[in-house]
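A short worksheet on the structure shown next.
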Amino acid sequence: MLTDTQGSDVDRADCTLVIPAYNEEKRIRSLLEDLSGFRGDLIFVCDGTDATPAVIGAFAAAHPSLSIRCLTFPVRLGKGGGVVAGIREASTRYVGYMDADGSTSLSEMERLFDRLVDADGAIGSRWLPGSVMTVRQGLRRRAESRLFNLVVRLLFGLGYRDTQCGAKVFRREALDRVLPSIRSTGFEFDVELLWRLARSGCRVEEVPITWENRDESKVGTSDAQEMLSGMIRLRFG
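Be aware that the sequence shown starts at -1, since it is given in my numbering, and climbs by one per residue.
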């Protein structure tokens, strides 16, 4: 599906970063400061009940040179629902999304964007040779991650080592091709997106990434169970 791109790097001004921000008022200011050097568009999707939109709005007002939008919703969209809502509002040629916890730096996201010169998508991986985890997850979370990856391979035949890393970028035309078919709204969204892109003939590269585990993960046991049941429904339903 890939079409030619001019130049050796992707123009940052033609990039959008979508950040789902569910009840992130305690740490969103830090992320905003980290992203203040980004020359593209920033779209935050807020579907919680705390003051996250107010913090983002105040930062945007204090930094008028930055392109910051904050979408607010009165109901919970889910991780996937939030990402899709942000993508639909993006108008640039390249669109990515990242977690609000700041586990991935801006420089790493920009490095992924530059891979779109030769690929339809690029996803960060914590499990490829060359990846750097400055702060690692606990043993239990690492074991759960490897088990989840095995299930993904068995159900969907995807060869990626890390479908859930919160650092992904894509060409807009690739996303437009599959978004109408996306059904997942939860944390299993990443798997469905990659699966549908693969089925549509898109080439998505998996790239080693520098990643720092941050506390306060919002993925609990019930979320993991829903992810599994959601993937089974998706694959066989």
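Idealized CB from N, CA, C, for every residue including glycine.
- In the DSSP assignment, valine 202 is bridged to Gly119.
- Under DSSP, aspartate 48 shares a beta bridge with no residue.
- Non-local C-beta neighbours of glycine 55 in its own chain, meaning closer than 8 Å and more than five positions away in sequence, comprise Cys68, ordered along the chain.
- In this structure, threonine 14 and valine 93 form a Cβ contact; the two beta carbons are roughly 5 Å apart against a cut-off of 8 Å.
- A direct Cα-Cα distance of roughly 23 Å separates leucine 33 from aspartate 188.
- Inter-residue distance for glycine 76 and aspartate 116 is about 31 Å (C-alpha atoms, whole angstroms).
- One Cα belongs to aspartate 118, the other to alanine 60, and the distance between them is close to 35 Å.
- C-alpha of glycine 228 to C-alpha of glycine 78: approximately 12 Å in a straight line.
- The beta carbons of proline 178 and serine 123 sit about 27 Å from each other, so the pair does not count as a contact at 8 Å.
- Between the alpha carbons of glutamate 186 and leucine 232 lies a gap of roughly 10 Å.
- For methionine 107, the closest of Leu40, Gly235, Leu126 and Trp125 by C-alpha to C-alpha distance is Leu40.
- Per DSSP, the continuous alpha helix (DSSP H) segment holding glycine 78 begins and ends at 76 to 87.
- The three-state secondary structure of isoleucine 66, taken from DSSP, is strand.
- Apart from sequence neighbours up to five positions away, the residues of its chain that approach arginine 170 with a beta-carbon distance below 8 Å are Ala88, Thr90, Arg91, Tyr92 and Val93, ordered along the chain.
- Here threonine 208 has Glu106 and Val130 as same chain residues with Cβ atoms under 6 Å from its own Cβ, once five neighbours each way along the sequence are excluded.
- Judged by DSSP in its simplified three-state form, phenylalanine 185 adopts coil rather than helix or strand.
- For serine 101 and proline 18, the gap between their C-alpha atoms comes out near 14 Å.
- Spanning the alpha carbons of alanine 11 and glycine 35 requires a straight line of approximately 12 Å.
- Residue burial annotation: serine 182 is buried, with at least 16 other C-beta atoms found within 10 angstroms of its C-beta.
- The Cβ neighbour count for leucine 114, taken over all protein chains shown within 10 Å, is at least 16; the residue is labelled buried.
- Under the DSSP assignment, leucine 145 falls in the alpha helix (DSSP H) whose first and last residues are 137 to 154.
- For arginine 27, there is no enclosing beta strand (DSSP E); the residue is found in the alpha helix (DSSP H) stretching over 26 to 32.
- Minimum Cα-Cα distance from glycine 184 among the listed residues Ala222, Arg27 and Asp7 corresponds to Ala222.
- Secondary structure note for leucine 110: its alpha helix (DSSP H) is the uninterrupted segment 104 to 112.
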